[in-house]
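Residue numbers (this note's numbering): 223 to 472.
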């Protein structure tokens with residue numbers, strides 16, 4: 223799994239979940255995912271971020287792709303649909319995780335009452351049964367808790383769309399307004415000082431040397447390091463540098 227995917231997973235699972243959106247709501251959203259698969263013939267994946275599990279519903283479009291639906295699991299103990307990721311072009315899979323990370327940042331910046339009105343639409347190349355890549359439309363919806371604004375459920379939809387244009391867009395499902403994802407600026411995730419520290423970390427400079435260069439204490443620099451790791455939801459400074467580059471912070 224890529225560093226970007228790990229970061230997205232940590233960011234999603236680190237949210238505070240409310241007991242008001244538990245089992246009954248999960249059944250409700252599973253019904254929505256199943257209905258999408260049956261009416262639009264899509265592959266629908268509903269991920270429960272609180273329980274770290276997913277439900278996969280295969281519409282007829284799955285028969286066109288390199289997936290053995292007879293053997294594929296319908297319930298998996300992770301929020302990552304690896305059976306589907308396996309047939310996504312590697313370049314597109316990395317881009318998908320990065321775009322979802324940016325979309326989560328975008329949704330988190332909105333007022334709670336309108337967070338659920340937006341979804342992300344992009345294109346992916348997925349391997350067909352013939353061995354050739356076909357263009358697939360990918361949509362992701364986040365279902366948010368009304369009181370806390372945390373994302374409890376994520377719904378991903380995959381359907382074959384050969385004529386789809388390549389732009390990745392955030393779409394307001396109420397107004398129809400579209401926002402090019404490249405227009406969303408993620409640079410406010412880290413402070414100016416944290417970015418400055420991260421640039422020096424990337425150069426292999428130690429905390430003691432950074433403290434001297436910035437005229438700060440080693441304790442302050444180490445606190446910046448920890449804040450960077452927590453904000454980017456990564457395991458260490460090396461991962462932080464990689465993800466920050468992907469987000470255009472470095």
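Built from N, CA and C at the ideal position, the CB exists for glycine as well.
All figures in this text were calculated on a predicted structure; none of them were measured in a lab.
The three-state reading of DSSP puts residue 272 in coil, since its state is none of H, G, I, E or B. Taking each of 393, 441, 450 in turn and checking the Cα distance to residue 414, the smallest one comes out for 450.
Just so you know, the alpha carbons of residue 427 and residue 459 end up roughly 12 Å apart.
Assignment of residue 334 by DSSP, reduced to helix, strand and coil, places it in the helix class. Here residue 419 carries a helix assignment [DSSP, helix/strand/coil]. When Cβ pairs closer than 8 Å are counted between the two stretches, the stretch 393-401 is seen not to touch the stretch 298-308, the count staying below three. Secondary structure at residue 454: helix, using DSSP grouped into helix, strand and coil.
The alpha-carbon of residue 353 is positioned some 14 Å away from that of residue 290.
Counting other Cβ atoms within 10 Å of its Cβ, residue 308 stays below 16 and is therefore classed as exposed. Around the Cβ of residue 468, a 10 Å sphere holds 16 or more other Cβ atoms; the residue is buried.
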